[in-house]
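Residue numbers (numbering that gives the first Met the number 0): 0 to 525. Accompanying notes for the structure given below.
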Amino acid sequence: MKNKLIFLYSLLALFICSCKKGFLDRQPLDQYSETSLWTSANDANTALNGCYSGFEDGTWIFYMPCASDDAFSAFPGEGFNEYGNMVLLTPNHTPNNKWNFNTIQKCNWFLANIDKTPMDNDLKKRMKGEARFLRAYKYFIMSQLYGDVPLVTGNLSTQEADTVSRTPKDQVVQFVLDELGAVAADLPDSYAGSDVGRITSGAAWALKARTELYNGKYQDCVNSCNNIMGKYSLFPSYTDLFRIQNEHNSEIILDIEYIENDAPLTSLGRNALHFQGGGGGGWYSIDPSQSLVDAYEMSNGKTIDDPSSGYDRDQPYQNRDPRLSATVVVPGSLVDGVYFNPLEPGTLDYWLRHNFTGYASKKYVSHLSDFDDMWNVGLNIPLIRYAEVLLTYAEAKIELNQIDNSVYAAINQVRNRAGMPDVDQTLYNSQAKMRELIRRERRVELAMEGLRWFDVQRWKIGDQVMSGPLYGSRLGTVDPSNGHLTLSNDRILSDQRTFDPAKNYLWPVPQPEIDINKNIKQNPGY
Numbered sequence: 000m001k002n003k004l005i006f007l008y009s010l011l012a013l014f015i016c017s018c019k020k021g022f023l024d025r026q027p028l029d030q031y032s033e034t035s036l037w038t039s040a041n042d043a044n045t046a047l048n049g050c051y052s053g054f055e056d057g058t059w060i061f062y063m064p065c066a067s068d069d070a071f072s073a074f075p076g077e078g079f080n081e082y083g084n085m086v087l088l089t090p091n092h093t094p095n096n097k098w099n100f101n102t103i104q105k106c107n108w109f110l111a112n113i114d115k116t117p118m119d120n121d122l123k124k125r126m127k128g129e130a131r132f133l134r135a136y137k138y139f140i141m142s143q144l145y146g147d148v149p150l151v152t153g154n155l156s157t158q159e160a161d162t163v164s165r166t167p168k169d170q171v172v173q174f175v176l177d178e179l180g181a182v183a184a185d186l187p188d189s190y191a192g193s194d195v196g197r198i199t200s201g202a203a204w205a206l207k208a209r210t211e212l213y214n215g216k217y218q219d220c221v222n223s224c225n226n227i228m229g230k231y232s233l234f235p236s237y238t239d240l241f242r243i244q245n246e247h248n249s250e251i252i253l254d255i256e257y258i259e260n261d262a263p264l265t266s267l268g269r270n271a272l273h274f275q276g277g278g279g280g281g282w283y284s285i286d287p288s289q290s291l292v293d294a295y296e297m298s299n300g301k302t303i304d305d306p307s308s309g310y311d312r313d314q315p316y317q318n319r320d321p322r323l324s325a326t327v328v329v330p331g332s333l334v335d336g337v338y339f340n341p342l343e344p345g346t347l348d349y350w351l352r353h354n355f356t357g358y359a360s361k362k363y364v365s366h367l368s369d370f371d372d373m374w375n376v377g378l379n380i381p382l383i384r385y386a387e388v389l390l391t392y393a394e395a396k397i398e399l400n401q402i403d404n405s406v407y408a409a410i411n412q413v414r415n416r417a418g419m420p421d422v423d424q425t426l427y428n429s430q431a432k433m434r435e436l437i438r439r440e441r442r443v444e445l446a447m448e449g450l451r452w453f454d455v456q457r458w459k460i461g462d463q464v465m466s467g468p469l470y471g472s473r474l475g476t477v478d479p480s481n482g483h484l485t486l487s488n489d490r491i492l493s494d495q496r497t498f499d500p501a502k503n504y505l506w507p508v509p510q511p512e513i514d515i516n517k518n519i520k521q522n523p524g525y
């Protein structure tokens, strides 16, 4: 597809790690690249594309809801059950961990060498800004997941890599913020042609705002949001903004770019329904929870526990926030001409065989006919979109107790686009009530986009939402002719989870990293 960043796999030879496995990738160069690469702007661009390649993973974004109360990972062998039920997560067993410095070392190498390239200075400055952003993004992710991490901003020898120690998280966060603030001025607001999808100034400000929100720097967060608000706009359709034909729309600030056949996303099928066009297809690997489903308001803006909301517990999916049907396939949903029935034995979707909560994820795969092959797609996966910035701004203002019309306006933009009414200001009229509202709004608007765990972590609600039973749908029957539900009082119990707030707000450092470098100490409690 056009207008995508094509990551040149021939470049991989330049980024081969030392055969010794360890916490840092060593010098990612061979003699050829040192002497021959930095001769033109085209060479520098090729090296920078290598920094983009793999900086984030769509598969990881799909599965991160399973590390929270939003979803259940259906298949233990895929390595994400451990992050939802953290009693299974140990230093010697950390599948799909993010303690990985590949991108950081590639960016360090790029930044250490680009100045020798004869090229336009403005272009060079922009390229440096892109690399510094990518490095900052990785440090943001790792500092949130692990706390203290080694802060390395230059190339290291093998000997040096094996002796570094962890840098306090607050210093890593300050580095991230300083870098993002510095490069925002060097990056353009947008790109054209084949450069569409590269890092923009808006991405730098948006990641800075997210980092500030997550680390309690609320006034700084408001200021960062003000540098973005009004420069983007919400896409008219909540469902369609995730479709492949609407990539690079007005709401997308940063995404992961994929290209069918050349650099494809190979895991979308894990996120999809089993039946695709009437035949096999998806795996149901990521199954939304009842807790997530219950978070969606009624279409009148009232929560389902409000006696005046009109909620019908026997027809629980009727008259709900439209984002529910855009995000979750519920029993009785019509998909590809078939009513989804995970409730009854003998059906293709039966929960004990395929779908372990009775719900399926719909975001990214709302229209299965968009894809010829679910395992080879060019669908970009959003990392930051404008709706998040609006909610980030609102939350920071709420935490500052500066609840003015701009806060309601930001939230209402997000709600109205989805077809929901304005916030009821007679009910949500205090900091406590607005905090309740914004936390629910973030959860439903950004569901299945890889962010819920970070909210659980920073709000310190893990012992409330991550410990105990994880439930799915009520059982019953689905009329195959019209999708009508007849539900019993029995409910699917998908998991019995354990969360220890004394340690589980951070992930353990993989033990092999500590075995190689004794200066790397384990997080408390592991």
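No residue lacks a Cβ here, since even glycine has one placed at the ideal position from N, Cα and C. Predicted, not measured: the structure shown is a model, and the values here were computed from it.
For N375, three-class secondary structure by DSSP: If you number the sequence shown from 1, residue 375 lands on position 376. Looking at N375 - three-state DSSP - the assignment turns out to be coil, as it is neither helix nor strand.
Sequence ranges, alpha helix (DSSP H) only - wholly within the segment 297-331, length at least 4: Segments of the alpha helix (DSSP H) lying fully in the segment 297-331: 321-326.
Cβ neighbour criterion (16 or more within 10 Å) applied to T157: Residue 157 sits at position 158 when you count from the first residue of the sequence shown. Classification of T157: exposed, given that the 10 Å Cβ count is below 16.
Residues near S487 by beta carbon distance below 7 Å, same chain, minus five either side: Residue mapping note: residue 487 aligns to position 488 of the sequence shown, counting from 1. Non-local beta-carbon contacts of S487 in its own chain, meaning distances under 7 Å to residues more than five positions away in sequence, involve R473, L474 and G475 in chain order.
7 Å CB neighbourhood of Q521 in its chain, flanking five on each side removed: The residue given as residue 521 occupies position 522 in the sequence shown. Around Q521: P90, P507, V508 and I513.
Assigned exposure category for T162 - 16 Cβ within 10 Å defines buried: Indexing the sequence shown from 1 puts residue 162 at position 163. Around the CB of T162, fewer than 16 other CB atoms lie within 10 Å, so the residue is classed as exposed.
Own chain residues within Cβ distance below 7 Å of R451, not counting five before or after: Start at 1 with the first residue of the sequence shown, and residue 451 comes out as number 452. Taking C-beta separations shorter than 7 Å and ignoring five residues to either side along the sequence, the partners of R451 in its chain run P64, S67, D69 and R442, following chain order.
Nearest neighbour of R490, chosen from G471, R496, H483 and L484 [CA to CA]: Counting from one through the sequence shown, the residue named residue 490 turns up at place 491. Distance check between R490 and each of G471, R496, H483 and L484 places G471 closest, using alpha-carbon atoms only.
Endpoints, beta strand (DSSP E) assigned at S470: The sequence position of residue 470 within the sequence shown is 471, counting from 1. First, the amino acid is wrong: residue 470 is Tyr here, not Ser. If you look at Y470, you'll find it in the beta strand (DSSP E) that goes G467 to V477.
Integer Cβ distance of A417 from P321, believed to fall under 8 Å: Start at 1 with the first residue of the sequence shown, and residue 417 comes out as number 418. Start at 1 with the first residue of the sequence shown, and residue 321 comes out as number 322. About 6 Å separates the Cβ atoms of A417 and P321, confirming a contact at the 8 Å cut-off.
T485 in three-state terms, based on DSSP: Numbered from 1 along the sequence shown, position 486 holds the residue referred to as residue 485. T485 carries a strand assignment under DSSP once its states are collapsed to helix, strand and coil.
Three-pair Cβ contact test at 8 Å for the segment 178-198 versus the segment 116-131: Enough Cβ pairs lie closer than 8 Å, so yes.
Between the CA atoms of D305 and S298 - distance to the nearest angstrom: Against the sequence shown, residue 298 aligns to sequence position 299. Against the sequence shown, residue 305 aligns to sequence position 306. When only Cα atoms are considered, S298 and D305 end up about 13 Å apart.
N- and C-terminal bounds of the alpha helix (DSSP H) containing I437: Residue 437 sits at position 438 when you count from the first residue of the sequence shown. For I437, the uninterrupted alpha helix (DSSP H) segment begins and ends at Q430 to E444.
Rounded straight-line distance, which links the Cα of P75 to that of G345: As a first step, residue 345 must be located in the sequence shown, where it is residue number 346. As a first step, residue 75 must be located in the sequence shown, where it is residue number 76. Rounded to whole angstroms, G345 to P75 spans 23 Å at the Cα level.
Three or more C-beta pairs below 8 Å linking the segment 398-405 and the segment 367-382: Counting C-beta pairs closer than 8 Å gives fewer than three between the segment 398-405 and the segment 367-382, which falls short of the contact rule.
Beta-carbon proximity check, K127 vs T102, cutoff 8 Å: Here residue 127 corresponds to residue number 128 of the sequence shown, with the count starting at 1. Here residue 102 corresponds to residue number 103 of the sequence shown, with the count starting at 1. Not in contact: K127 and T102 (Cβ atoms no closer than 8 Å).
Residues near N354 in its chain [Cβ-Cβ closer than 8 Å; skip 5 each side]: Position 355 of the sequence shown holds residue 354. Excluding residues within five positions, the ones whose Cβ falls inside 8 Å are A73, H273, Y283, D286, P341 and D348.
D286 - containing beta strand (DSSP E), residue span: Locating residue 286 in the sequence shown gives position 287, where the first residue counts as 1. Bounds of the beta strand (DSSP E) holding D286 are I285 to P287.
Beta-bridge partners of I227, as assigned by DSSP: Within the sequence shown, residue 227 is the residue found at index 228, counting from 1. None; I227 has no bridge partner.
Residue span of the beta strand (DSSP E) that contains D42, given as start and end: Position 43 of the sequence shown, counted from the first residue, corresponds to residue 42. Careful: D42 lies outside any beta strand (DSSP E), inside the alpha helix (DSSP H) at A40 to Y51.
Sub-8 Å separation of A395 and C220 beta-carbons: Reading the sequence shown from its first residue, position 396 is the one you call residue 395. Reading the sequence shown from its first residue, position 221 is the one you call residue 220. Note that the C-beta distance between A395 and C220 is below 8 Å.
At least three beta-carbon pairs within less than 8 Å, the segment 41-54 to the segment 111-128: The segment 111-128 and the segment 41-54 touch, with three or more beta-carbon pairs separated by less than 8 Å.
Per DSSP, the bridge partner or partners of D254: One-based indexing of the sequence shown puts residue 254 at position 255. Residue pairing by DSSP places D254 opposite P381 in a beta bridge.
Residue closest to Q173, alpha-carbon to alpha-carbon, out of E159, A183 and F139: Counted from its first residue, the sequence shown places residue 173 at position 174. Nearest C-alpha to Q173: F139.
Own chain partners of S288 with C-beta closer than 8 Å, once the 5 adjacent residues on each side are dropped: Position 289 of the sequence shown, counting from 1, holds the residue named residue 288. Excluding sequence positions up to five before and after S288, its CB lies within less than 8 Å of the CB of D68, D69, A70, F71, T356, Y358, L469, Y470, G471 and S493, all in the same chain and listed in chain order.
Cβ neighbours of I410 in the same chain (closer than 8 Å, five flanking residues each side left out): By 1-based counting over the sequence shown, the position of residue 410 is 411. Taking C-beta separations shorter than 8 Å and ignoring five residues to either side along the sequence, the partners of I410 in its chain run L389, L390, A393, V422, L436, I437 and E440, following chain order.
Buried or exposed (CB count within 10 angstroms, at least 16 for buried), E159: Within the sequence shown, numbered from 1, the residue matching residue 159 stands at position 160. Answer is exposed; the Cβ neighbour count stays below 16.
Contacting residues, own chain, Cβ-Cβ under 7 Å from L382 (five flanking each side not counted): Sequence index remark: in the sequence shown, residue 382 carries index 383 (1-based). Around L382: E55, L253, D254 and I255.
Residue burial classification, G277 (beta-carbon count within 10 angstroms, cutoff 16): Sequence index remark: in the sequence shown, residue 277 carries index 278 (1-based). Residue placement at G277 cannot be trusted, given a pLDDT of 41 that sits under 50; what the coordinates show is reported in the next sentence. Counting the other CB atoms within 10 Å of its CB gives G277 a total below 16, which places it among the exposed residues.
T265 to S324 span [Cα, whole Å]: Numbered from its first residue, the sequence shown carries residue 265 at position 266. Numbered from its first residue, the sequence shown carries residue 324 at position 325. If I take the Cα positions, the gap works out to 25 Å.
Distance, N225 Cα to P231 Cα: Start at 1 with the first residue of the sequence shown, and residue 231 comes out as number 232. Start at 1 with the first residue of the sequence shown, and residue 225 comes out as number 226. The residue asked about is misnamed: residue 231 is Tyr in this sequence, not Pro. Y231 and N225 have their C-alpha atoms roughly 12 Å apart.
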